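**Student:** The structure's right below; bear with me while I get my questions together.
This is the structure we're talking about:
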């Protein structure tokens, strides 16, 4: 399936279709087949399939006995289990399985929840954070925790269980959950302790230590007696690309199975089985049994278990669950239906995409009474009802009215639009997600792409860094090719996943890379892999679960029938005009006036206007921070003023670095704050202010936790951090969002639910929200909330006094975007030039070279190096500078070579490498440039994309346009604006003026450069070859 195309089940077109680049096909046991054609007949369906990208040769697969109902279409990828007879597969009641879209791994819990209601399971995948959150569920989780820790310690005595229960009641995770739910530790203690006797009883009667083994249960089908001998693992992570399933097994149990044989017993067999824990009523229900069957299926490669175990912790009763072929078959059919709905959330109609219909709403309202997806179920139905056929039943109509009756057509239209845009984006992100390479490519193949390190051996002991964080060290196995580990594309802080080299244990653990040296690597993982020390491992880059669950959750929250959501809908959807107070005197506390006056003195006029506008706002203010105008300083000053007035502030941005940049400035002014978020993502200097660090000093009770959460007026986190327990109770006077013009609307909404007023800081003339799906982008997904609300000019304040660029560099941005509104903050800024203390020496070298080679005119180089020429465009039109297009992207070797030579001269002339930044639009070009800058002289030179430079600057910037032939380059005015405003003192640009003139933004830039006489290197093809 192409990134921007979607299945249409009605499409019966027979013309062959090309297999997209990201799809990997293969034969054999882990086969992947592309479906070329589907022929339907009564009670059967025949697929024409191929496991080759050329789509030749083809095979056939006949589906019958219910399998023909599988929603499989042209362009799908399938995995087949069973036997092929000369290229013919048969999947029926007795033999074979078909796994639809096997590389989309579905959790066993989702599949089992689809038994009662497929619609709930589909919505549960989309709106993930809605499934959960009750006292009963929390107690279940805590009982699980106690059982698993007792299993790890191999001690189920009442004394140990009580100790573990006490630890759970005081642990950071569960304290946070109790805070969110508003329950006391005493309440939870009572609930938890009710379970402890049955856990001890279970151990005494069931889990038998050596020498005390006894019968556990009898499987009626085989009359086999099963005895648990050891609890070998807890929370074992399993990815099963063979069956398209994933899950975490509560407990992995080692058992003895004693089978009778003609009246006598043969030797017992040792087996490893999944053990599922249940804390609720002992129902032995179809959902519970199905979960166990799915765990046996997904752990087939690891243990080949013939059964699984279901343990009810309240009673201590254990039920063996033996799966028949029929059980597995029916569950895989359910999984296929579920993955079809998840994967095809968007349909094409008349060349435009629309939301697909979901399975029908259940008419039995009792089943839906406690469903966590009730509201989303109704919202989705209302979002697609314009495409509905027929009128819904009265009971469904009443349900829809009850859940969504408070919403206007405009509200539903906004929800429908953004739900569709997010679904479109999700399909593209899923198609681009490289996680499937972990099981579809060998380690050697993935190493070539720089996303993997193979043949790794675990060395030394595994160290426990903190709760659930284990530090491992690996080195290359002796049989591995002795290439350095540093040659891989993986770097410190990258997210990773560990599997065994053979592909039997896929996704054993996930974590983060710490250090990469030539001979070894270290990483923190979520599991201790000591027991696998004899294995060879592979380590892959892992993008994590790619999805837009926060987008979906925030959209749903916006539609809720509550005060916070009603007000936000008014402002964001209805675009109500924001209101302001008339006078500052009614806002500023008397005791804060002097402090505020002192702070305001240090600001320029636009910054002071911004402060006043925020203080006068009843709803929101937008601060436009043009390049170099000190957005971070402005936000820091605003927080200081609000803090001085006694206002509480929620400080957020999309990235951790943006949040920490502001907090670092606040720290200098001794403004107290609490930083939420994982320590490994926070700036080292901010770590003492994190919840994690403060808790280590002693937070063991709910009252202490509440004190911690309420102590500071200022709280900092990312927009994605709003699932934190603090937000279940606390509301802020102001929410400030930095980088707001780069944040997608649904993500930007998240923090706004928790504040009375908000401030968005950004500039829609700079980088927009990143949207990968072309159709979603064309239909408005790259419109930020900042841009949407900017129509109310009374709420907008512009920062136009900049302190970064000299006059000539600033003129580019003024010409491109700001129509002369951008000003230099001082004469010093306006006239600042690059300092090159040894330029005279380099000029002498160039002069002597010219004397020896008079045929080479080097005046263009002297002009490029001169600090008095702050802006130079080196026109490569007449130089042989063709770019090459490869799978990894686009590069231009000549431009990379020129950059290398110019940098060598600039650094010789005294420019510090750390003051230099190189920007290119393509990663392959960045790689080409970096490869030429390996010498120690270039240490500190930063080579990166435009997006990585947003909000930052360098004394010298070199911009490589790459293209010398027409292509998709810099059509975006905003990206070009960011690229040309990163340099403080000197900007060098390289590209083909003739080609670049075909792009409106660059043409405008070139016209300005020509007018200001800033273009050189014309008609210099014969002078290019320079040997220094």
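In my numbering, the protein residues as written are 25 to 1052.
By construction, the Cβ of each residue, glycine as well, lies at the ideal position given by its N, Cα and C atoms.
Quick caveat, the model's predicted, so the values are computed rather than measured.
Could you compute how far the alpha carbon of residue 963 sits from the alpha carbon of residue 540?
**Tutor:** For the purposes of this step, residue 963 is taken as residue 939 along the chain shown, with counting starting at 1. For the purposes of this step, residue 540 is taken as residue 516 along the chain shown, with counting starting at 1. Spanning the two alpha carbons is a distance of roughly 18 Å.
**Student:** Using the DSSP secondary-structure output, state which residues sit across from residue 564 in a beta bridge.
**Tutor:** Here residue 564 corresponds to residue number 540 of the chain shown, with the count starting at 1. In DSSP, residue 564 forms a bridge with 476 and 521.
**Student:** For residue 647, name the three-state secondary structure that DSSP assigns.
**Tutor:** Numbered from 1 along the chain shown, position 623 holds the residue referred to as residue 647. In this structure, residue 647 counts as strand in the three-state DSSP scheme.
**Student:** Output needed for residue 656: all residues of its chain with C-beta closer than 7 Å, excluding positions within five of it in sequence on either side, in chain order.
**Tutor:** Numbered from 1 along the chain shown, position 632 holds the residue referred to as residue 656. Answer for residue 656: 685, 686 and 689, listed in chain order.
**Student:** Candidates 140, 898, 842 and 346: which alpha carbon is nearest residue 248's?
**Tutor:** Counting from one through the chain shown, the residue named residue 248 turns up at place 224. With distances taken between Cα atoms, residue 248 lies closest to 346.
**Student:** Please go through the same chain and pick out, in chain order, the residues whose beta-carbon is closer than 8 Å to the beta-carbon of residue 845, but skip the five residues on each side of it.
**Tutor:** Here residue 845 refers to the residue found at position 821 of the chain shown. Excluding sequence neighbours, residue 845 sits near 650, 822, 824 and 838.
**Student:** Which two residues bound the contiguous alpha helix (DSSP H) that contains residue 165?
**Tutor:** As a position in the chain shown, residue 165 is number 141, starting the count at 1. Residue 165 -> alpha helix (DSSP H) spans 159–177.
**Student:** Please return the same chain residues whose Cβ sits closer than 6 Å to the Cβ of residue 340, not counting the five positions on each side in sequence.
**Tutor:** Here the question's residue 340 lines up with position 316 in the chain shown. Only 222, 225 and 226 meet the Cβ criterion.
**Student:** Would you call the CB atoms of residue 975 and residue 764 closer than 8 Å?
**Tutor:** Locating residue 975 in the chain shown gives position 951, where the first residue counts as 1. Locating residue 764 in the chain shown gives position 740, where the first residue counts as 1. In this structure, residue 764 does not lie closer than 8 Å to residue 975 by Cβ.
**Student:** Taking the C-alpha atoms as reference points, what is the distance between residue 396 and residue 575?
**Tutor:** Here residue 396 is taken as the residue at index 372 of the chain shown, counted from 1. Here residue 575 is taken as the residue at index 551 of the chain shown, counted from 1. So the two alpha carbons sit approximately 18 Å from each other.
**Student:** Buried or exposed for residue 767, please, with buried defined as at least 16 other CB atoms from any protein chain shown within 10 angstroms of its CB.
**Tutor:** Along the chain shown, read from residue 1 onward, the residue named residue 767 stands at position 743. It counts as buried.
**Student:** Helix, strand or coil: how does DSSP classify residue 46 here?
**Tutor:** Sequence index remark: in the chain shown, residue 46 carries index 22 (1-based). In this structure, residue 46 counts as coil in the three-state DSSP scheme.
**Student:** Tell me whether residue 268 is buried or exposed, calling it buried when 16 or more other Cβ atoms sit within 10 Å of its Cβ.
**Tutor:** As a first step, residue 268 must be located in the chain shown, where it is residue number 244. With 16 or more other Cβ atoms within 10 Å, it is buried.
**Student:** Check for me: the alpha helix (DSSP H) holding residue 202 runs from which residue to which?
**Tutor:** Numbered from its first residue, the chain shown carries residue 202 at position 178. It spans 196–205 - the alpha helix (DSSP H) in which residue 202 sits, taken as one unbroken run.
**Student:** Output needed for residue 536: all residues of its chain with C-beta closer than 8 Å, excluding positions within five of it in sequence on either side, in chain order.
**Tutor:** Within the chain shown, the letter at position 512 stands for residue 536. Taken in chain order, the residues that qualify are 517, 518, 519, 520, 547, 548 and 704.
**Student:** What did DSSP end up calling residue 430 once you bin it into helix, strand or coil?
**Tutor:** Mapped onto the chain shown, residue 430 falls at position 406. The answer is coil: DSSP assigns residue 430 none of H, G, I, E or B.
**Student:** For residue 355 and residue 701, I'd like the C-alpha separation in whole angstroms.
**Tutor:** In the chain shown, residue 355 corresponds to position 331, counting from 1. In the chain shown, residue 701 corresponds to position 677, counting from 1. Computed Cα separation, rounded: 38 Å.
**Student:** Per DSSP, residue 861 is paired with what?
**Tutor:** On the chain shown, residue 861 is found 837 positions in, with the first residue counted as 1. Note: residue 861 sits in no beta bridge, so no partner.
**Student:** Leaving out five residues before and five after residue 430 in sequence, what residues of the same chain have Cβ atoms less than 6 Å from its Cβ?
**Tutor:** The residue labelled residue 430 in the question sits at position 406 within the chain shown. Same-chain partners within the cutoff: 585.
**Student:** By Cβ distance below 7 Å, which residues in the same chain neighbour residue 76 in space, the five residues on each side in sequence not counted?
**Tutor:** Locating residue 76 in the chain shown gives position 52, where the first residue counts as 1. Hits under 7 Å: 49.
**Student:** For residue 93, count neighbouring Cβ atoms within 10 angstroms of its own Cβ and tell me buried if that reaches 16, exposed if not.
**Tutor:** Position 69 of the chain shown, counted from the start, is the residue given in the question as residue 93. When all chains shown are included, residue 93 counts as exposed.
**Student:** Which of the three DSSP states is assigned to residue 708 in this structure?
**Tutor:** Here residue 708 refers to the residue found at position 684 when the chain shown is read from its first residue. It is helical.
**Student:** Counting along the chain, where does the alpha helix (DSSP H) carrying residue 782 start and finish?
**Tutor:** Counted from its first residue, the chain shown places residue 782 at position 758. That residue, residue 782, is in no alpha helix (DSSP H); its beta strand (DSSP E) goes 779–786.
**Student:** Which stretch, first to last residue, makes up the beta strand (DSSP E) that contains residue 760?
**Tutor:** Numbered from 1 along the chain shown, position 736 holds the residue referred to as residue 760. Per DSSP, residue 760 belongs to the beta strand (DSSP E) from 756–761.
**Student:** Does residue 37 come out as helix, strand or coil in the three-state DSSP assignment?
**Tutor:** Start at 1 with the first residue of the chain shown, and residue 37 comes out as number 13. Because residue 37 carries a pLDDT of 43, less than 50, the predicted location of this residue cannot be relied on, and the following value inherits that uncertainty. Three-state DSSP puts residue 37 in coil, outside helix and strand.
**Student:** Starting from residue 837, trace the alpha helix (DSSP H) in both directions and tell me its first and last residue.
**Tutor:** Here residue 837 refers to the residue found at position 813 of the chain shown. Per DSSP, residue 837 belongs to the alpha helix (DSSP H) from 831–837.
**Student:** Less than 8 Å between the beta carbons of residue 559 and residue 326, yes or no?
**Tutor:** For this step, residue 559 is matched to residue 535 along the chain shown. For this step, residue 326 is matched to residue 302 along the chain shown. It is not a contact, given that the beta carbons lie outside the stated cut-off.
**Student:** Taking Cβ to Cβ, would you say residue 71 is nearer than 8 Å to residue 84?
**Tutor:** Locating residue 71 in the chain shown gives position 47, where the first residue counts as 1. Locating residue 84 in the chain shown gives position 60, where the first residue counts as 1. Yes, the Cβ-Cβ distance between residue 71 and residue 84 is below 8 Å.
**Student:** Would you grab the beta carbon distance between residue 982 and residue 1012 for me? Rounded to a whole angstrom, and I think it's under 8 Å.
**Tutor:** For the purposes of this step, residue 982 is identified with residue 958 of the chain shown, where counting begins at 1. For the purposes of this step, residue 1012 is identified with residue 988 of the chain shown, where counting begins at 1. The Cβ separation is near 5 Å, so the contact holds.
**Student:** Would you call residue 621 buried or exposed, if buried means 16 or more other Cβ atoms sit within 10 Å of its Cβ?
**Tutor:** Residue mapping note: residue 621 aligns to position 597 of the chain shown, counting from 1. Looking at its Cβ environment, which holds fewer than 16 other Cβ atoms inside 10 Å, residue 621 is exposed.
**Student:** Would you report the Cα separation of residue 715 and residue 931, rounded to the nearest angstrom?
**Tutor:** Residue numbering aside, residue 715 sits at position 691 when the chain shown is read from its first letter. Residue numbering aside, residue 931 sits at position 907 when the chain shown is read from its first letter. Their backbone Cα atoms lie some 44 Å apart in a straight line.
**Student:** Taking all protein chains shown into account, decide if residue 432 is buried (16 or more other Cβ within 10 angstroms of its Cβ) or exposed.
**Tutor:** On the chain shown, residue 432 is found 408 positions in, with the first residue counted as 1. Residue 432 should be labelled exposed.
**Student:** Put residue 103 into one of helix, strand or coil per three-state DSSP.
**Tutor:** The residue given as residue 103 occupies position 79 in the chain shown. DSSP places residue 103 in strand when its eight states are reduced to three.
**Student:** Would you give the residue range spanned by the beta strand (DSSP E) that residue 538 belongs to?
**Tutor:** As a position in the chain shown, residue 538 is number 514, starting the count at 1. 533–540 is the extent of the beta strand (DSSP E) around residue 538.
**Student:** Between the C-alpha atoms of residue 778 and residue 407, what's the straight-line distance to the nearest angstrom?
**Tutor:** As a position in the chain shown, residue 778 is number 754, starting the count at 1. As a position in the chain shown, residue 407 is number 383, starting the count at 1. Approximately 26 Å, taken between the alpha carbons.
**Student:** Straight-line CA distance for residue 488 to residue 177?
**Tutor:** One-based indexing of the chain shown puts residue 488 at position 464. One-based indexing of the chain shown puts residue 177 at position 153. About 16 Å.
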